[in-house]
Amino acid sequence: MGIKNDVVAAERLLKLNPHTEINYYLMVITAEEFLKKYNPHGAKDTASTGYETGKLNIKRAAVRNAKNLFPLERDYQLEEVIINPKNYNPRFILENFKNTLAKNIVLFAEKDGVPVSKAGTNAQGFYTDQIGGVFTVKQERGKGFAREVMIRLLSCIFKEKKTASLFVKRKNIPAVKLYENLGFKIMNDFRICYF
929 MGIKNDVVAA ERLLKLNPHT EINYYLMVIT AEEFLKKYNP HGAKDTASTG YETGKLNIKR
989 AAVRNAKNLF PLERDYQLEE VIINPKNYNP RFILENFKNT LAKNIVLFAE KDGVPVSKAG
1049 TNAQGFYTDQ IGGVFTVKQE RGKGFAREVM IRLLSCIFKE KKTASLFVKR KNIPAVKLYE
1109 NLGFKIMNDF RICYF
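In this note's numbering, the protein residues as written are 929 to 1123.
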């Protein structure tokens, strides 16, 4: 895995043929650009927002929320992460998710009391946090829930950090558009190969 051109060159040089190749964009946003767009007058951030038929509540997740949020995490893992569904191990994923909740910022949105969307950090640097695990249940996609969760997450990150980054699959056009609309810029092509 690495910058796409470097990975492709290594594959050719080593005469390797991966069984699976996934291409990503590395995207970055600065606190300065985000705050110009989403907090231009120092407005107080809120933890909830309205939507057309009721109320969407956005909350910070804790380890105690792991079982309630597990369907979101399971579906995220199966759709975005796990290459071979035979390797799906719910116990491992739940324990790993609890660890993520304990060590990172993870926000989730509830619609009528049911978790429908989530996003969080998965790595922290001195000046940058990396975002991962962005996911919305299929029946609620396209309604702006991921956008609202991401705005709240970026607001949390930029209280302490100067930049945020993420990797998104190139073929996930709705996600790429969401991140670009939030102000993320594509920095490089990234590639992961499985042999």
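Virtual Cβ for every residue (Gly too), placed ideally from N, Cα, C.
- Per DSSP, reduced to three states, the secondary structure at Pro946 is coil, with no helix or strand assignment.
- A direct Cα-to-Cα measurement between Ile1010 and Tyr1016 gives close to 7 Å.
- Around the CB of Asp1040, fewer than 16 other CB atoms lie within 10 Å, so the residue is classed as exposed.
- Between the segment 943–961 and the segment 1084–1099 there are three or more inter-stretch CB-CB distances shorter than 8 Å, so the stretches are counted as touching.
- Inter-segment contact for the segment 1035–1050 and the segment 1060–1073 is present: three or more beta-carbon pairs are separated by less than 8 Å.
- Ile1120 and Ile950 do touch by the CB rule: their CB atoms are close to 5 Å apart, below 8 Å.
- Beta bridge pairing from DSSP links Ala1047 with Leu1035.
- The DSSP-derived three-state label of Val1077 is helix.
- Of the residues Phe1025, Ala989 and Pro1013, the one whose Cα lies closest to the Cα of Ala1037 is Ala989.
- Contact between the segment 987–1001 and the segment 1025–1034 is present, with at least three C-beta pairs closer than 8 Å.
- When secondary structure is reduced to three states using DSSP, Arg988 falls in the strand class.
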